[in-house]
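Trainee: Sending over a structure as structure tokens; questions will come in a sec.
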DNA sequence: GATCCGATGTGACCATGTCACAGACGGCAA
DNA sequence: TTGCCGTCTGTGACATGGTCACATCGGATC
């Protein structure tokens, strides 16, 4: 997505609005850029054109958990909380790859919400999806064992069978602790489900992992 | 809230729309009625006029956790997930007191969303608020100890100092297990923060409990 | 090779969840 | 009153998970 991204990202918008969006500057951000952190005010409504942004939560102890990721064509719903309600951010958004995004300024966002049905539908749908995902995440965190969440994370990161991530990164993703992940991985390795090397994990038994991830 | 509830619940709506909403039948439901459960399709957009509805999640093991409560004048956001996206419910909504509510049928809901700015603003705001609350809940469940969540629950249920609830009910509220709640309460009692009787808990040290609830 | 740093392994200990029961209490019927 | 029953609460034993303190290890750099 790049020049002319608006038509693809917001199907059904009329031509003048598409032109307005396409005219917005596109920001190119290197991997590792922090888009916003807890308590900050929204600059506008962010639409990701390429790359990937992850939004995560950090607890008092320093433990982290991934809330959700934003892929190309998706918008950063978290940024709408500040635009629509008065809720401050509680999460932190960071680019995990080189990323290009457009920022719809608050006034234009509000105008589009008012006059464009398709735009509204898009925003609402994204909202509903995130809410649903967050509920599922809450359910997994509250009720399932680390092993199931870890298996799910491994499958998400390397559906082909190879995951390049440290134990600490995996822990931050599933909201656990590094040591716990190390021990779980060792246990999975003993059972032949994975192989471990420094910085990467080989998934040796994808069906077995899927089973673990779903059972909980 | 009763006859003429719409003007109060949706400030800024124009007269014809208020009349349409006021004309909807009001349902009176006894405490303990189940409004919807996991996987069901939304009947419409529910607005609570009096009473209280609690939405909670149940894990495979049977453990429960309270997602949020809906008070008079608020709407059941969960029901919009089905109306706007195609996400099924994942929670279960139950009246905890005798409750009266109006159900806005899906077609009227969609029409109002299209043509009424104030209605949209209301729905969006409610959405943003729930999302923010859910995020905070996730943070508490993922990162704070049971003791802090329990103290918070006690303060929520009995800000005056008396809580009428069983240990099992408290456990369901905070997403823990009955035995754990029993033991935590006993520990709090030993420290003089609460007194326990069958079916109710006396909060002896409100500032102390507030401290516990906030520290995590 | 010597050194440094991030990644990983380990043991101890506490908090929490689960299971299996044992009492304890309150209401109700005989 | 007495006995019964269902619910609430208490307890011990054990598995899992989180935290802390270190030990090791592997690679990169000098």
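Protein chains in written order, with full-length UniProt numbering: chain A, 1 to 216; chain B, 1 to 216. Even for Gly, the Cβ is constructed at its ideal location relative to N, Cα and C. From a predicted model like this one, the values you see are computed outputs, not experimental measurements.
1. Around the C-beta of residue 71 of chain A, are 16 or more other C-beta atoms found within 10 angstroms, so that it is buried, or is it exposed?
2. Taking Cβ-Cβ distances shorter than 8 Å, what residues in chain A pair up with residue 63 of chain B?
3. What did DSSP end up calling residue 198 of chain B once you bin it into helix, strand or coil?
4. Using a Cβ cut-off of 7 Å (strictly closer), state whether residue 135 of chain B contacts chain A.
5. So with CB distances below 9 Å, who are the chain A contacts of residue 57 of chain B?
6. Is it right to say residue 183 of chain B is buried, meaning 16 or more other beta carbons lie within 10 angstroms of its own, or is it exposed?
7. Return helix, strand or coil for residue 204 of chain B, following the three-state DSSP convention.
8. Straight-line CA distance for residue 45 of chain B to residue 76 of chain B?
9. DSSP three-state label for residue 105 of chain B, please.
10. Going by alpha carbons, who is nearest to residue 213 of chain A out of A/111, A/146, A/56, A/109?
11. Strictly below 8 Å CB to CB, what residues from chain B border residue 90 of chain A?
12. Measuring CA to CA, which of A/36, A/16, A/18, A/9 is closest to residue 50 of chain A?
13. Note down, in chain order, each residue of its chain lying with its Cβ closer than 7 Å to the Cβ of residue 199 of chain A, except the 5 sequence neighbours on either side.
14. So is residue 179 of chain B buried or exposed if we call it buried at 16+ other beta carbons inside 10 Å?
15. To the nearest angstrom, how far is it from the Cα of residue 54 of chain A to the Cα of residue 148 of chain B?
16. With DSSP as the reference, label residue 40 of chain A as helix, strand or coil.
17. Here's the rule I'm using: 16 or more other beta-carbon atoms within 10 Å means buried, otherwise exposed. How should residue 136 of chain A be labelled?
18. Could you tell me which chain B residues have their CB closer than 7 Å to the CB of residue 175 of chain A, listed as they occur along the chain?
19. Residues of chain B with CB closer than 8 Å to the CB of residue 117 of chain A, please, in chain order.
20. Less than 7 Å between the beta carbons of residue 172 of chain B and residue 64 of chain B, yes or no?
21. Measure the Cβ-Cβ separation of residue 42 of chain A and residue 22 of chain A and say whether it is below 7 Å.
22. Are the CB atoms of residue 153 of chain B and residue 170 of chain B within a distance shorter than 7 Å?
23. Give the residues of chain B in contact with residue 127 of chain A, contact being defined as C-beta atoms less than 7 Å apart.
24. Between which two residues does the beta strand (DSSP E) carrying residue 93 of chain B extend?
25. Classify residue 114 of chain A as buried or exposed, calling it buried when 16 or more other Cβ atoms lie within 10 Å of its own Cβ.
26. Does DSSP put residue 162 of chain A in a helix, a strand or coil?
27. Using 7 Å as the threshold, is the C-beta distance between residue 219 of chain B and residue 38 of chain B below it?
28. Taking only runs of the alpha helix (DSSP H) that begin and end inside the segment 108–180 of chain B, which ones reach a length of at least 4 residues, in chain order?
29. Look at the Cβ atom of residue 203 of chain B, then the Cβ atom of residue 175 of chain B, and state whether they are nearer than 7 Å.
Mentor: Per the coordinate set shown:
1. exposed
2. 142, 143
3. coil
4. yes
5. 135, 138, 139, 142, 143
6. exposed
7. coil
8. 7 Å
9. strand
10. A/146
11. 132, 135, 136, 139
12. A/9
13. 164, 166
14. exposed
15. 28 Å
16. coil
17. exposed
18. 142
19. 114
20. yes
21. no
22. yes
23. 127
24. 92–95
25. exposed
26. strand
27. The structure shown does not extend to residue 219 of chain B, since chain B is modelled only from 1 to 216, so the question has no answer here.
28. 117–143, 146–157, 167–174
29. no
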